[in-house]
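*Asks:* Structure incoming, see below.
Protein chains: 2
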Amino acid sequence: MTQTQPTMHDVAAKAGVSQMTVSRVMRGTGYISDRVRAKVMTAAAEIGYVHNRLAGGIATYDNPLVAVVVPTLGNRVFTEVLEGISAALDGQGIRPVFGVSDYDPENEARVVLDLLSWRPRGLILSGLEHSDALRQLVAKTGVRSVEVMDTDGDPIQTCVGFSQARAGHDMARHLLDKGYRRIAYIASQNSQDLRAAKRLHAFAETVTQAGAQIIAQRIAAEGSSMALGRRLTAEVMASDAPQAIYYSNDDLAAGGLMHCLANGLRVPQDVALAGFNGLSFLQALPQQITTTLSPRRQIGETAAQLLLSAEPAPDTHVDLGTQLVRGETT
Amino acid sequence: MTQTQPTMHDVAAKAGVSQMTVSRVMRGTGYISDRVRAKVMTAAAEIGYVHNRLAGGIATYDNPLVAVVVPTLGNRVFTEVLEGISAALDGQGIRPVFGVSDYDPENEARVVLDLLSWRPRGLILSGLEHSDALRQLVAKTGVRSVEVMDTDGDPIQTCVGFSQARAGHDMARHLLDKGYRRIAYIASQNSQDLRAAKRLHAFAETVTQAGAQIIAQRIAAEGSSMALGRRLTAEVMASDAPQAIYYSNDDLAAGGLMHCLANGLRVPQDVALAGFNGLSFLQALPQQITTTLSPRRQIGETAAQLLLSAEPAPDTHVDLGTQLVRGETT
DNA sequence: TCTGTATGTGTTTACGTAAACACAAGTCAA
DNA sequence: TTGACTTGTGTTTACGTAAACACATACAGA
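Those protein sequences? They're chains L and P, same order as listed. Under our numbering, the residues of the first sequence are numbered 1 to 330, in order. Under our numbering, the residues of the second sequence are numbered 331 to 660, in order.
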C-alpha cells in the first residue's frame, strides 16, 4: 500500500526508542528489557514492519541462506534430498534458494553464478562432475560447498553420499550369486546422469569378470518413469530374452514388473528384476522388487549440517552407504 | 580465501574504470562500449567477483526473488507445481526461495514472515485457507501474492488452480452414472489437507443427493503412499465391501489396485477404484485407473507469470480446470 | 559551421541494517 | 562506601550497490 516500506526507524519512532534497540529486539541479541521488547514488538506489528535481511546481510557479510542446485525436480530422489536439506535448515532459521541444472554442466555453472549473487552461507551441488568454470568459481569466491549423492571421485571441498560404483558392484555380485548370466541394463537420461553411468560401469565390470555378460543395453533419452520402464522391458524381452534386468531406477524396474504382470511372465523365473534407490512405493507393489536403498533424506540432512558446521573441514568424504534390499524379483 | 570479498570497486580499479561502469556492465544497462565491457568482464573473472544482489536490492527496493511455500515436498503434486514455478522464473532470471509449512497454518505464517524478510517480488502460497495473522501480514506489507491449487473461496489477492468441489462432484457423478451406490472414501492426512476435504464434501453431497451413500470413510493421519492405500483398501474391503472406492490421491488408489491384484479381486467388477491427480505413473499400471487430471505444472507456471505481470490484477481467479480420466477401474 | 541527438563514462548520494563504541543505572560483595 | 560487574539503551559509521545527475565525445542533418 505505502510506497516506501517501513524501516526500523519508523518502528523506533513509534515505540519511542532508537533504531539500534529495534535491531536488537528483532535479532534477539544483547540485553533488552521486557518492557521495551514488548513496546517494539507491538509497534512493529502495528506498522507491519518485517525485518529486512538484505540490509542486514550487507551490514554483516553473513546471511542465513543456502544455495541448492539439483539436476531436476522430476526425480523423487532429488526432492527427497531437498526435504532433508529443508528439514535440517529449518531448525537453524536458514532458507534454501534453489536452482535446477537440467543435467547440464553449463547450465549448472550459470545457475551457481546467479545463486552466489545472494551471498549464501554455502552451496549444495549434485554429483562430483562439474564444469571447470564452476570449479574455478567456487575456488575463487571461497564459498563452502558440499556435493551430494556421489563419493566416487574428488569433491571440490566436501561430499556426502555413497559409492555409486560399489552399489553397482554389489548388485552385480547379487545377481551373479543367484546364477543369472545373461543380463540386460535399462536406463533413462543416461548420457547426462553420470552417477548411473558409474554404477553401470562397476556393474558391467563385475559381471564380465565373472564370465557372465551384459547382453543388451537400452538407454532412453527421456526422463525416468514407470511407463518408460514398461516399454523398454517389452523391447528387451522381445529381442534379447535376458535372465535378469538391472534398471538404473526403481521407476523403470516397477514398470518392468508391470510388463511382466500384464504379460504373464513369472518373476524371477522367467526374468529377474533389480532396481535402484529403494523408493518407498515399491513396498506396495505385488512383488517386492530387489533394489539398492540409498539414504537420500539423510544425505540432504547431513549435507546441510556439514555446510553449517563451525569448522569447514575440507576434503571430507562422508559415505553413508547403501543397503541391498533382497526382494522377491531376483 | 580472502577475508573480504571483492567489490565493484576492486573490479573497477583493476579494469581502470569507475565503479558505476562496472555496475552497468553487470546489469547490462546503459550504454557501454564493447571495449570497456570486455575489460570489465575479464577483470571480474580474474578477481573472482560475483555481482552482489543484496546490496543491489537494498539500493533499488527490488530484487529478483519469489517466495514459495508448500505444505510438503513429499507429495509429487507440490514438487510438480514447484517445477512449473521454477521453469517460469528461470526465463526471467528470478530465483525461488522456499519454505515448507507441514500443513500447519501457524507454521505457514512463521515461514512467510521469514521469507518476507528477503523482500521478494511476490509470494506463492498453497490453498486458500490461512491464519488471520498471515492474511494480515500480507495485507499490511502489501506483497503481491498468488494462491495455488484451489479456487473454491476468497483468495487474499489472486488464485490459480481449479475447483476442488467441482472435481469431487464430477467424480461422484461419474461413479453414480456407472451405477455404483455403496461407496467408500479413503484419504490420508486429511485433517490438514483442506483441499481433499473440499473434494470429499462435494463428492458426498452429490452421492447422497442421488440416493446412494458413503458407507465407509478411512482417513489416515500419515502421509499418502501406495502402501497406505493398499492397507486401507484391505481394511475397507474386509469390513464394508463397497462397490466403489474414491481415494483422495492416486498413490492411495494405486495401492488399492495392488491389493486387488494381489488378492484376486476383479476391478471394477468386484470393486471400482477412482483416484485423484492424474499422476503419470498410473499409465504404467496393469490397469488404467480412473482419476481426475489436475494441471499442476501449468498451475505453477501460471502463478509465477501472474505474480510477475506488470499490472497486479487483484481478485483474479484463474480456473485451469480438471479433466476426468475414464480408466479401466470404474 | 552549428545544433541536436546518440553514445559512453564519472561523481555524489541514499538505501536499511548491524558493529563498535559509549554511557547510564542498578546490584552486590568487600 | 566503593568499585566491579551486569543490564539496558543510544550514537556514529560502514557495508556494496544503483539512481540521479553531470559531462564528455561523435556524428548526422540543416
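Don't be surprised by glycine CBs; every beta carbon is placed ideally from N, CA and C.
On the DSSP letters alone, give me the boundaries of the alpha helix (DSSP H) that P/Leu419 sits inside.
*Replies:* 406-420
*Asks:* Can you tell me whether L/Gln136 is helix, strand or coil according to DSSP?
*Replies:* helix
*Asks:* Less than 8 Å between the C-beta atoms of L/Ile58 and P/Leu446, yes or no?
*Replies:* no
*Asks:* Any C-beta of chain P within less than 7 Å: which residues of the segment 35-52 of chain L qualify?
*Replies:* Gly48, Val50, His51, Asn52
*Asks:* Using a C-beta to C-beta distance shorter than 9 Å, which residues of chain L count as neighbours of P/Ser610?
*Replies:* Around P/Ser610, the beta-carbon contacts reaching into chain L at under 9 Å are Ser225, Met226, Ala227.
*Asks:* Assuming L/Thr332 is part of the beta strand (DSSP E), what are its boundary residues?
*Replies:* Summary: the structure shown does not reach residue 332 of chain L, with chain L confined to residues 1 through 330, and so no result is reported for it.
*Asks:* What residues from chain L crowd round P/Lys470, counting only those whose CB sits closer than 7 Å?
*Replies:* Gly48
*Asks:* Beta-carbon separation of P/Ala706 and P/Ala439 under 8 Å?
*Replies:* The requested residue 706 of chain P does not occur in the structure, where chain P is confined to residues 331 to 660.
*Asks:* Express the C-alpha separation of L/Arg24 and L/Ile32 in angstroms, rounding to a whole number.
*Replies:* Distance from the CA of L/Ile32 to the CA of L/Arg24, rounded to the nearest whole angstrom, comes to 8 Å.
*Asks:* Whose C-beta lies closer than 6 Å to the C-beta of P/Gln618 among residues of the same chain, with five residues either side of it excluded?
*Replies:* Gly657, Glu658, listed in sequence order.
*Asks:* Would P/Leu445 count as contacting chain L if we go by Cβ distances under 8 Å?
*Replies:* yes
*Asks:* Between L/Ala15 and chain P, is any beta-carbon pair separated by less than 8 Å?
*Replies:* no
*Asks:* Could you check what DSSP says for P/Asp664 in three-state terms: helix, strand or coil?
*Replies:* Because chain P here runs from 331 to 660, residue 664 of chain P falls outside it and cannot be looked at.
*Asks:* In terms of DSSP beta bridges, what is P/His647 paired with?
*Replies:* P/Cys489
*Asks:* Find out if the Cβ-Cβ distance for the pair P/Gly378, L/Thr141 is shorter than 8 Å.
*Replies:* yes
*Asks:* Tell whether a beta-carbon distance below 8 Å holds between P/Val478 and P/Val490.
*Replies:* Yes, Cβ-Cβ distance for P/Val478 and P/Val490 is below 8 Å.
*Asks:* Does DSSP put L/Val17 in a helix, a strand or coil?
*Replies:* The answer is coil: DSSP assigns L/Val17 none of H, G, I, E or B.
*Asks:* Are L/Leu320 and L/Gln305 touching if we call contact CB-CB under 8 Å?
*Replies:* no
*Asks:* Give the residues from the segment 95-127 of chain L that approach chain P closer than 8 Å (Cβ to any Cβ), ordered along the chain.
*Replies:* So the list reads Arg95, Pro96, Val97, Phe98, Gly99, Val100, Leu113, Asp114, Leu115, Leu116, Ser117, Trp118, Arg119, given in the order they occur along the chain.
*Asks:* Please confirm whether L/Arg181 and L/Ala204 have their CB atoms less than 8 Å apart.
*Replies:* Going by C-beta atoms, L/Arg181 is not nearer than 8 Å to L/Ala204.
*Asks:* Count the CB pairs spanning the segment 396-415 of chain P and the segment 444-460 of chain P that are closer than 8 Å, and state whether there are at least three.
*Replies:* yes
*Asks:* Could you give the DSSP three-state label for P/Leu455: helix, strand or coil?
*Replies:* For P/Leu455, the three-state secondary structure derived from DSSP is strand.
*Asks:* Between P/Ile388 and chain L, is the shortest Cβ-Cβ distance under 8 Å, so that the two count as touching?
*Replies:* yes
*Asks:* L/Ala88 CB to nearest chain P CB: under 8 Å?
*Replies:* no
*Asks:* Please report the residue range of the beta strand (DSSP E) in which P/Ala532 lies.
*Replies:* P/Ala532 -> not in any beta strand (DSSP E); alpha helix (DSSP H) instead, spanning 524-539.
*Asks:* Within 10 angstroms of the Cβ of P/Thr390, are there 16 or more other Cβ atoms? Answer buried if so, exposed if not.
*Replies:* exposed
*Asks:* Rounded to whole angstroms, what is the Cα-Cα separation between P/Pro426 and P/Pro450?
*Replies:* Looking at the two C-alpha atoms, the distance is approximately 9 Å.
*Asks:* Drop a sphere of 10 angstroms on the beta-carbon of L/Pro314, count the other beta-carbons inside from all chains shown, and report buried for 16 or more, exposed for fewer.
*Replies:* exposed
*Asks:* Return the Cβ separation of L/Ala167 and L/Arg218 in integer angstroms, given the expectation that the two are a contact with Cβ distance under 8 Å.
*Replies:* Not quite, the Cβ-Cβ distance comes to about 20 Å (not below 8 Å), so this is no contact.
*Asks:* When you compare only the Cα positions, how much space is there between P/Arg474 and P/Val648?
*Replies:* 16 Å
*Asks:* Listed in chain order, which residues of the segment 252-285 of chain L have Cβ atoms closer than 9 Å to some Cβ of chain P?
*Replies:* Result list: Ala254, Gly255, Met258, His259, Leu261, Ala262, Ser280, Phe281, Leu282, Gln283, Ala284, Leu285.
*Asks:* I need the DSSP call for L/Val143, collapsed to helix, strand or coil.
*Replies:* coil
*Asks:* By Cβ distance below 7 Å, which residues in the same chain neighbour L/Glu106 in space, the five residues on each side in sequence not counted?
*Replies:* Only residues of its own chain outside the window of five on either side were considered, and among them Ser131 have a CB closer than 7 Å to the CB of L/Glu106, listed in chain order.
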